[in-house]
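J.: Structure in structure tokens, see below.
Numbering (this note's numbering), first residue to last: 1 to 209.
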């Protein structure tokens, strides 16, 4: 097993890791703030920064408020580990949500991707850039939409295909203007959380104007 230390120090990559070793590492790190990504023998560990956690929490709360005010069914699955041994891939989104498939997971205590649907939307905070292609892992696991925020802009990845083989339109919250949405992330840098959440809720109630 080779250990390759990558800068910054809170991120490193292991190679030639078996699936059983990946499962063992997940158990050892259970309930610790470490993001684990596995891709066909390569395993990356990242200790998220304060800034990373701030954006993750803010976006997750904004999406919950949006669903509440628009009466959209939603199950927040947080940073659940999603993995498929047959695909030799696994990761934890920064945040993820069941929306179109919310009714399929209501009441479940565990999610098994071999028989349960994947989340409809994943949030990826790209402050500490991964050494692995996490977007390709999301696609392999069947997660159709990923919003990736790098601290400046939100980039939307549509991983499903339409009838013509091209990406479909945004599946979740197609009415939401992302540039206006991002204004509240910038506002959060200047005010406390309750203030920005009230401001966001008021905006949603007024019809996202």
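Every residue gets a Cβ at the ideal spot worked out from N, C-alpha and C, and that includes glycine.
How is residue 110 classed by DSSP in three states: helix, strand or coil?
T.: coil
J.: Counting C-beta neighbours from all protein chains within 10 Å, is the total for residue 27 16 or more, i.e. buried, or is it exposed?
T.: exposed
J.: For the stretch 38-55 and the stretch 65-80, state whether three or more C-beta atom pairs, one from each stretch, are separated by less than 8 Å.
T.: no
J.: Only counting the same chain, and skipping five residues up and downstream in sequence, which positions put a Cβ closer than 8 Å to that of residue 140?
T.: 84, 87, 89
J.: Can you give the Cα-Cα distance for residue 193 and residue 154, rounded to whole angstroms?
T.: 20 Å
J.: Roughly how far, in whole angstroms, is the beta-carbon of residue 116 from the beta-carbon of residue 104, given that I think they are within contact range, below 8 Å?
T.: About 7 Å separates the CB atoms of residue 116 and residue 104; that is less than 8 Å, so the two are in contact.
J.: Considering just the uninterrupted stretch of the beta strand (DSSP E) at residue 141, what are its terminal residues?
T.: Where residue 141 is concerned, there is no enclosing beta strand (DSSP E), although the alpha helix (DSSP H) it sits in stretches over 134-141.
J.: Give me the Cβ distance between residue 136 and residue 44, rounded to the nearest whole Å; I'm assuming they're in contact under 8 Å.
T.: 13 Å between Cβ atoms; not a contact.
J.: Count the other CB atoms within 10 Å of the CB of residue 17; is the residue buried (16 or more) or exposed (fewer)?
T.: Residue burial annotation: residue 17 is buried, with at least 16 other C-beta atoms found within 10 angstroms of its C-beta.
J.: By the DSSP assignment, the alpha helix (DSSP H) with residue 104 in it spans what residues?
T.: Counting along the chain, the alpha helix (DSSP H) containing residue 104 begins and ends at 102-105.
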